[in-house]
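Reading through the structure tokens given below for one structure.
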Amino acid sequence: MSRIMETAYADVGTVDLEFASPYHGLAELYSSGTVSPPQLDPILNVPRVVAQVFTDRPNELAPVGEHDVFTKAFGTLSPHEKHLHVAIDTHTIAQFRTVDFGMEDCALVIRLPGNNDRIESTEPFRLNANSSFDVFRLDAPKALDVRTLSYVTRPRVREKVATVTPRAGEETQLTRFPCAWSTLHTFEIACAGEDEACLVDVWSSQNTTWGLYMYQHQTI
Numbered sequence: 003m004s005r006i007m008e009t010a011y012a013d014v015g016t017v018d019l020e021f022a023s024p025y026h027g028l029a030e031l032y033s034s035g036t037v038s039p040p041q042l043d044p045i046l047n048v049p050r051v052v053a054q055v056f057t058d059r060p061n062e063l064a065p066v067g068e069h070d071v072f073t074k075a076f077g078t079l080s081p082h083e084k085h086l087h088v089a090i091d092t093h094t095i096a097q098f099r100t101v102d103f104g105m106e107d108c109a110l111v112i113r114l115p116g117n118n119d120r121i122e123s124t125e126p127f128r129l130n131a132n133s134s135f136d137v138f139r140l141d142a143p144k145a146l147d148v149r150t151l152s153y154v155t156r157p158r159v160r161e162k163v164a165t166v167t168p169r170a171g172e173e174t175q176l177t178r179f180p181c182a183w184s185t186l187h188t189f190e191i192a193c194a195g196e197d198e199a200c201l202v203d204v205w206s207s208q209n210t211t212w213g214l215y216m217y218q219h220q221t222i
């Protein structure tokens with residue numbers, strides 16, 4: 003029985019499975035010149051993973067389900083929320099997967115609320131206006147598992163792509179890059195320098211888009 007459980011019923015996961023394209027024939031169709039593609043507005047891509055890791059607690063795992071609620075009627079409810087939190091000892095890691103056909107020009111942005119913008123989360127929006135942040139691309143060809151993610155286990159830094167000073171009420175572009183369909187793109191945001199007051203802390207919800215996002219622009 004134990005051998006059956008270790009083989010036939012082994013939990014092999016899905017991270018190595020092929021991400022098959024549903025867009026059969028579209029590339030050939032548009033490259034033939036017989037059909038012109040429609041003109042499409044950029045699409046907003048929400049990160050599949052957003053998590054915090056801690057330089058002063060390098061082995062501590064990233065928080066999971068901070069706003070989960072348990073009810074007897076429905077069990078555990080997980081609100082569709084993302085958290086951007088960067089401080090002198092806290093980094094945020096975000097991973098995106100590109101979606102849709104022919105939208106392979108990507109721009110990573112930080113979007114922060116202004117004084118009159120709605121914030122649905124019970125958590126306050128906090129920003130030190132003088133804070134500057136370094137943005138790094140991480141070497142992560144596979145989907146991140148937040149359950150094992152810490153400062154020690156995070157993917158290695160591939161390159162620094164920007165240093166920015168975002169403003170409340172504005173959207174700040176961090177970097178723009180080619181992004182083939184279905185590929186993963188992983189970034190780490192950290193304070194630039196050693197300013198102890200460095201801080202940005204904001205939650206998004208199902209209805210609000212604050213924090214880290216990615217635009218995909220048309221390339222066909």
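Just so you know, we're using our numbering here: the sequence shown kicks off at 3 and counts up by one.
Cβ coordinates follow ideal geometry from the N, Cα and C atoms, glycine included.
CA nearest to the CA of proline 60, picked from Gln175, Thr92, Val101, Val202: In this structure, Thr92 is the residue among Gln175, Thr92, Val101, Val202 with its C-alpha nearest to the C-alpha of proline 60.
Neighbourhood of phenylalanine 127 by C-beta, 6 Å cutoff - its chain only, sequence neighbours within 5 removed: Leaving aside the five residues that flank phenylalanine 127 on each side, the residues in its chain whose CB is nearer than 6 Å to its CB run, in chain order, Pro115, Ile121, Val204.
Presumed contact (8 Å Cβ cut-off) between valine 51 and glutamine 97, rounded CB distance: For a cut-off of 8 Å, the C-beta gap from valine 51 to glutamine 97 is around 4 Å, short enough to register as a contact.
Where alanine 192 sits in the DSSP three-state scheme: Look at alanine 192 here: in three-state DSSP terms it is strand.
Whole beta strand (DSSP E) elements within the region 132–201, 3-residue minimum: Annotation: the region 132–201 contains the following complete segments of the beta strand (DSSP E) (minimum length 3 residues), in chain order: 135–140, 159–166, 173–180, 186–193.
Nonlocal neighbours in the same chain, by C-beta distance under 6 Å from threonine 185, ignoring five residues either side: Excluding positions up to five away in sequence, the list reads Thr100.
Proximity to valine 37 [Cα-Cα], best of Tyr153, Leu28, Ser134: The shortest Cα separation from valine 37 among Tyr153, Leu28, Ser134 belongs to Leu28.
Sub-7 Å separation of arginine 178 and valine 163 beta-carbons: Taking 7 Å as the Cβ cut-off, arginine 178 and valine 163 do not qualify as a contacting pair.
Residues bridged to phenylalanine 98 [DSSP beta-bridge criterion]: Phenylalanine 98 is bridged to His187.
Endpoints, beta strand (DSSP E) assigned at leucine 110: Taken as a continuous stretch (DSSP letters only), the beta strand (DSSP E) holding leucine 110 covers 107–113.
Helix, strand or coil at leucine 46 according to DSSP, with G and I counted as helix: If DSSP states are grouped into helix, strand and coil, leucine 46 belongs with the strands.
Cα-Cα separation between asparagine 47 and methionine 216, rounded to whole angstroms: Distance between the alpha carbons of asparagine 47 and methionine 216 is about 5 Å.
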